[in-house]
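Trainee: Count the sequence shown with full-length UniProt numbering and you get residues 66 to 451, in order.
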Amino acid sequence: CQVQKLKGVVEDCCCDYETVDAINNELLHPVLQQLVKKPFFRYFKAKLWCDCPFWPDDGMCHMRDCSVCECPDSEFPEMFKGLPKQLSFEDPKCQEGKPEAAVDRTLDRKVFHGWSEVDNPWTYDDETDNGQMTYVNLLLNPERYTGYTGTSAQRIWKAIYEENCFKDGQNDSCTERRVFYKLISGLHASISTHIAVEYLLDEQSNHWGPNIPLFYERVLKFPERVQNLYFTYLFILRAVTKAADFLSQADYNTGNDIEDNETLSLILKILRSKTLQEACPMPFDEAQMWRGADGIQLKTQIQQHFRKISALMDCVGCEKCRLWGKLQILGLGTALKILFSVDVSDSHTNPLDLQHNEVIALINLLSRLSESLQYIHKMSPLVDVL
Ligand code: FAD
66 CQVQKLKGVV EDCCCDYETV DAINNELLHP VLQQLVKKPF FRYFKAKLWC DCPFWPDDGM
126 CHMRDCSVCE CPDSEFPEMF KGLPKQLSFE DPKCQEGKPE AAVDRTLDRK VFHGWSEVDN
186 PWTYDDETDN GQMTYVNLLL NPERYTGYTG TSAQRIWKAI YEENCFKDGQ NDSCTERRVF
246 YKLISGLHAS ISTHIAVEYL LDEQSNHWGP NIPLFYERVL KFPERVQNLY FTYLFILRAV
306 TKAADFLSQA DYNTGNDIED NETLSLILKI LRSKTLQEAC PMPFDEAQMW RGADGIQLKT
366 QIQQHFRKIS ALMDCVGCEK CRLWGKLQIL GLGTALKILF SVDVSDSHTN PLDLQHNEVI
426 ALINLLSRLS ESLQYIHKMS PLVDVL
């Protein structure tokens, strides 16, 4: 087993791999690690019911014994009520019953207040506060191995790649389609990285740790997956820097002045970093997109695909995976909105307006990706000795 060292400029981006590693190690990773622990960024709201609009026939999300979804009886579609309980805890399809897949809901404090409820054209979820929302402390629910696997998980990735991405994604001659594919593949590589690095090595003793062979098999063996991870990281970083005016003036108040002031300082540390501005001033150049004769049509098409991917998150049959899937897809959708749906230079006619939850998702996604890059850096030498 050997891990190929990536060199040169990240494809379709503007910075080279060495520079990305340097800014991530020296600036972004340490700052983001602190930022996501702050009260403003550690609570996320999501509708965690698994009311999948696709594949209603298999009842996967609706089996009571299999699910920790707290759906009241009235929420069960009539057609599922008479279903025999053919799934049990031991059934490999039935992942929700595993303790490591359940979401900790001990947080019951509604820290969301005073933010706008503007829609995101790229996502399917409605972020409006209502009784269906669960408020989750992300620190109590780390993204890691949950045991969710098999046909349910594979079916979702298959639907994402085959129905919603484009056939020859990595090598598509159309920049927009290639970019879209890479964003999804990069996110997938990051999810696989977190699964492999935080793995339940021994169920009996509850021993967690890195599973290096799995990390190699799912991520490191495929240089293009690692490249796509760098790409997605730079894309999200560009969205964050483009939204600098909005983010530096946003209201991070959670009622804890000391913590909230630190939150703003950490945000400004990223947005005003000279190192970042000099080393990688333009992580991704969004001006290269939608320029062809069919640009508007292509954008509408890709937006519809992304909305479907966002809707697919309701079909993820493991609650904790659904939580992080929703958060990260919302983070991507927020970046797409910043880069392609508003003109930040024209603050009068089309001002940038983000929801509380979108800002949380965007920064947490960047933090997840940044952590994945760190793991790639740290773990690759270990693979050589496998
Ligand atoms: P999968 O990761 O399921 O991949 C399916 C196929 O996609 C592969 O066979 C390969 O052909 C292709 N592929 C894989 N990686 C890439 C890539 N980077 N780019 C392009 N193509 C690729 N499990 C957990 O334990 N914890 C979680 O938090 C978690 N979150 C999830 C979130 C979502 C939204 C989904 C859909 C699944 C999640 N899962 C999670 C399940 C996990 O992603 C895998 O599906 C599962 O571990 C089975 O892995 P696998 O080896 O079958 O390959």
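Note that beta-carbon positions come from the ideal geometry of N, C-alpha and C, so glycine has one too. As the structure is a computational prediction, the values presented were derived from the model and not from experiment.
Just tell me which of 402, 365 and 197 has its CA closest to the CA of residue 116.
Mentor: Taking the first residue of the sequence shown as 1, we reach residue 116 at position 51. Residue 116 has its Cα closest to that of 197, out of 402, 365 and 197.
Trainee: Taking 7 Å as the cut-off, is the C-beta of residue 112 nearer than that to any heavy atom in ligand 1?
Mentor: As a first step, residue 112 is located in the sequence shown; it is residue number 47 there, counting from the start. No, the Cβ of residue 112 stays beyond 7 Å of every heavy atom of ligand 1.
Trainee: Reducing DSSP to helix, strand and coil, say where residue 119 ends up.
Mentor: As a position in the sequence shown, residue 119 is number 54, starting the count at 1. DSSP places residue 119 in coil when its eight states are reduced to three.
Trainee: Can you list, in chain order, the residues of its chain whose CB lies under 7 Å from that of residue 367, leaving out five sequence neighbours each side?
Mentor: As a position in the sequence shown, residue 367 is number 302, starting the count at 1. Hits under 7 Å: 241 and 245.
Trainee: Would the C-beta of residue 198 count as close to ligand 1, meaning under 7 Å from any of its heavy atoms?
Mentor: Looking up residue 198 in the sequence shown gives position 133. Outside the cutoff, so no.
Trainee: Closer than 7 Å to a non-hydrogen atom of ligand 1 - does that hold for the CB of residue 69?
Mentor: Against the sequence shown, residue 69 aligns to sequence position 4. Answer for residue 69: no, Cβ out of range of ligand 1.
Trainee: Between residue 321 and ligand 1, is there a pair consisting of the residue's CB and a ligand heavy atom that are separated by less than 7 Å?
Mentor: For the purposes of this step, residue 321 is taken as residue 256 along the sequence shown, with counting starting at 1. Not so, every heavy atom of ligand 1 lies at least 7 Å from the Cβ.
Trainee: Return the CA-CA distance between residue 278 and residue 210, expressed in angstroms with no decimal places.
Mentor: Residue numbering aside, residue 278 sits at position 213 when the sequence shown is read from its first letter. Residue numbering aside, residue 210 sits at position 145 when the sequence shown is read from its first letter. Going by the C-alpha atoms only, they are around 14 Å apart.
Trainee: Below 8 Å between beta carbons: does that hold for residue 83 and residue 340?
Mentor: The residue you call residue 83 lines up with position 18 of the sequence shown. The residue you call residue 340 lines up with position 275 of the sequence shown. No. Outside cutoff.
Trainee: My parser needs the alpha helix (DSSP H) runs of 4 or more residues fully inside the segment 245–307; what are they?
Mentor: Those alpha helix (DSSP H) runs which fall completely within the segment 245–307 and span 4+ residues are 277–280 and 288–307.
Trainee: Looking at the structure shown, is residue 70 part of a helix, part of a strand, or coil, going by DSSP?
Mentor: Numbered from its first residue, the sequence shown carries residue 70 at position 5. Correct three-state label for residue 70: coil.
Trainee: For residue 386, verify whether its CB is less than 7 Å away from any heavy atom of ligand 1.
Mentor: Position 321 of the sequence shown holds residue 386. Indeed, a heavy atom of ligand 1 lies less than 7 Å from the Cβ.
Trainee: With respect to 7 Å, is the separation between the Cβ of residue 293 and the closest non-hydrogen atom of ligand 1 below this value?
Mentor: Within the sequence shown, numbered from 1, the residue matching residue 293 stands at position 228. Checking every heavy atom of ligand 1 against the Cβ of residue 293, one is found closer than 7 Å.
Trainee: Rounded to whole angstroms, what is the Cα-Cα separation between residue 445 and residue 285?
Mentor: Locating residue 445 in the sequence shown gives position 380, where the first residue counts as 1. Locating residue 285 in the sequence shown gives position 220, where the first residue counts as 1. Cα to Cα, the separation comes out at about 7 Å.
Trainee: By DSSP, does residue 349 sit in helix, in strand, or in coil?
Mentor: Residue mapping note: residue 349 aligns to position 284 of the sequence shown, counting from 1. The answer is coil: DSSP assigns residue 349 none of H, G, I, E or B.
Trainee: Please go through the same chain and pick out, in chain order, the residues whose beta-carbon is closer than 7 Å to the beta-carbon of residue 453, but skip the five residues on each side of it.
Mentor: Summary: the structure shown does not reach residue 453, with the chain confined to residues 66 through 451, and so no result is reported for it.
Trainee: Using the C-alpha atoms, what's the distance from residue 407 back to residue 348?
Mentor: For the purposes of this step, residue 348 is taken as residue 283 along the sequence shown, with counting starting at 1. For the purposes of this step, residue 407 is taken as residue 342 along the sequence shown, with counting starting at 1. C-alpha separation (whole angstroms): 18 Å.
Trainee: Span of the beta strand (DSSP E) holding residue 110?
Mentor: Here residue 110 refers to the residue found at position 45 of the sequence shown. Run containing residue 110: 108–111, per the beta strand (DSSP E) assignment.
Trainee: Suppose the cutoff is 7 Å on Cβ atoms and the five residues either side in sequence are ignored; what does the same chain contact list for residue 252 look like?
Mentor: For the purposes of this step, residue 252 is identified with residue 187 of the sequence shown, where counting begins at 1. So the qualifying residues of the chain are 297, 393 and 397.
Trainee: Can you tell which of 320, 305 and 319 has its C-alpha closest to the C-alpha of residue 313?
Mentor: Against the sequence shown, residue 313 aligns to sequence position 248. Checking every option, the nearest Cα to that of residue 313 belongs to 305.
Trainee: Are the segment 217–226 and the segment 421–437 in contact at 8 Å, needing three or more beta carbon pairs?
Mentor: Touching, no, given that fewer than three Cβ pairs across the two stretches are closer than 8 Å.
Trainee: Could you name the residues of the same chain whose beta carbon sits closer than 6 Å to that of residue 364, not counting the 5 residues immediately before and after it, in chain order?
Mentor: The count along the sequence shown starts at 1 and reaches residue 364 at position 299. These residues qualify, in order along the chain: 355.
Trainee: Rounded to whole angstroms, what's the CA-CA distance from residue 337 to residue 102? Just pull it up for me.
Mentor: Against the sequence shown, residue 337 aligns to sequence position 272. Against the sequence shown, residue 102 aligns to sequence position 37. Answer to the nearest angstrom: the Cα atoms are 21 Å apart.
Trainee: Would you say residue 388 and residue 113 are within 8 Å of each other, going by their C-beta atoms?
Mentor: The residue given as residue 388 occupies position 323 in the sequence shown. The residue given as residue 113 occupies position 48 in the sequence shown. Yes; because the gap between Cβ atoms is below 8 Å, this pair is in contact.
Trainee: Could you tell me whether any non-hydrogen atom of ligand 1 is closer than 7 Å to the CB of residue 389?
Mentor: The residue you call residue 389 lines up with position 324 of the sequence shown. Checking the Cβ of residue 389 against ligand 1 gives yes.
Trainee: Select from 76, 282 and 234 the residue whose C-alpha is nearest the C-alpha of residue 68.
Mentor: As a working note, residue 68 is residue 3 in the sequence shown. When only C-alpha atoms are compared, the closest one is 282.
Trainee: What first and last residue would you give for the beta strand (DSSP E) that runs through residue 201?
Mentor: Position 136 of the sequence shown, counting from 1, holds the residue named residue 201. Run containing residue 201: 199–202, per the beta strand (DSSP E) assignment.
Trainee: Residues in its own chain within less than 6 Å of residue 344 by CB, not counting five upstream and five downstream?
Mentor: Position 279 of the sequence shown, counting from 1, holds the residue named residue 344. Correct list, in chain order: 84 and 88.
Trainee: Taking residue 436 and residue 292 to be in contact with their CB atoms under 8 Å, please state how far apart those CB atoms are, rounded to whole angstroms.
Mentor: Sequence index remark: in the sequence shown, residue 436 carries index 371 (1-based). Sequence index remark: in the sequence shown, residue 292 carries index 227 (1-based). About 18 Å; that fails the 8 Å criterion.
Trainee: What first and last residue would you give for the alpha helix (DSSP H) that runs through residue 95?
Mentor: If you number the sequence shown from 1, residue 95 lands on position 30. That run of the alpha helix (DSSP H) goes 94–100.
Trainee: Based on the DSSP secondary-structure assignment, which residues constitute the bridge partners of residue 191?
Mentor: One-based indexing of the sequence shown puts residue 191 at position 126. None, per the DSSP bridge assignment.
Trainee: Between residue 280 and residue 261, is the Cβ-Cβ spacing less than 8 Å?
Mentor: Here residue 280 corresponds to residue number 215 of the sequence shown, with the count starting at 1. Here residue 261 corresponds to residue number 196 of the sequence shown, with the count starting at 1. Contact: yes.
Trainee: Does the beta-carbon distance from residue 374 to residue 225 come in below 8 Å?
Mentor: Walking along the sequence shown from the start, residue 374 turns up at place 309. Walking along the sequence shown from the start, residue 225 turns up at place 160. Yes; because the gap between Cβ atoms is below 8 Å, this pair is in contact.
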